[in-house]
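Numbering (this note's numbering), first residue to last: 8 to 161.
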């Protein structure tokens with residue numbers, strides 16, 4: 008009986024000490040954009056974030072410093088000249104560290120709206136963010152413009 012207990016404890020300790028190589032890194036390289044404009048957007052100001060449970064996607068709406076300064080004092084979304092708003096959308100995957108949780112996986116798209124003398128909308132698709140045509144561009148542009156800044160404690 009005593010030998011069985013010692014063997015059981017030894018097996019338990021051995022199982023706890025195994026390396027899990029897929030959990031070693033904490034940096035999510037699959038979700039990292041390879042395109043420089045998308046990387047610049049990640050350094051911007053987060054306006055809002057969204058989860059689409061039907062499409063299994065996660066999106067974050069970013070703005071440049073012009074947008075950030077404008078939204079501090081304004082409640083409308085009539086962005087001034089020089090504003091750049093970027094919507095990045097990722098596919099979701101299961102979080103290996105948190106049961107039931109989801110994290111961003113591969114990049115699905117990037118939508119960039121520039122407010123200069125006129126408003127321009129550009130759509131990029133896929134992990135490599137290849138410039139593409141969005142057949143739903145007017146609706147996407149209206150949806151992006153309608154998003155309010157998330158409320159955060161100060």
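Note that CB positions come from ideal geometry on N, CA and C, so glycine has one too.
Keep in mind it's a predicted model, so treat the numbers as computed, not measured.
Cβ shell of residue 137 (< 7 Å), same chain only, five flanking positions each side left out: Against the chain shown, residue 137 aligns to sequence position 130. Cβ neighbours of residue 137 beyond the five flanking positions: 131.
Simplified DSSP state of residue 159, which is helix, strand or coil: Translated into the one-based positions of the chain shown, residue 159 becomes position 152. Residue 159 falls in the coil class under three-state DSSP.
Coarse secondary structure for residue 55, derived from DSSP in three states: Working through the chain shown from its first residue, we reach residue 55 at position 48. Residue 55 falls in the strand class under three-state DSSP.
Helix, strand or coil at residue 140 [DSSP, three-state]: As a working note, residue 140 is residue 133 in the chain shown. Reduced to three states, the DSSP call for residue 140 is coil.
Exposure label - residue 40; buried when at least 16 CB within 10 Å: Here residue 40 refers to the residue found at position 33 of the chain shown. So residue 40 ends up on the buried side.
Cα-Cα separation between residue 158 and residue 83, rounded to whole angstroms: On the chain shown, position 151 is the one that residue 158 refers to. On the chain shown, position 76 is the one that residue 83 refers to. Cα-Cα distance, rounded: 14 Å.
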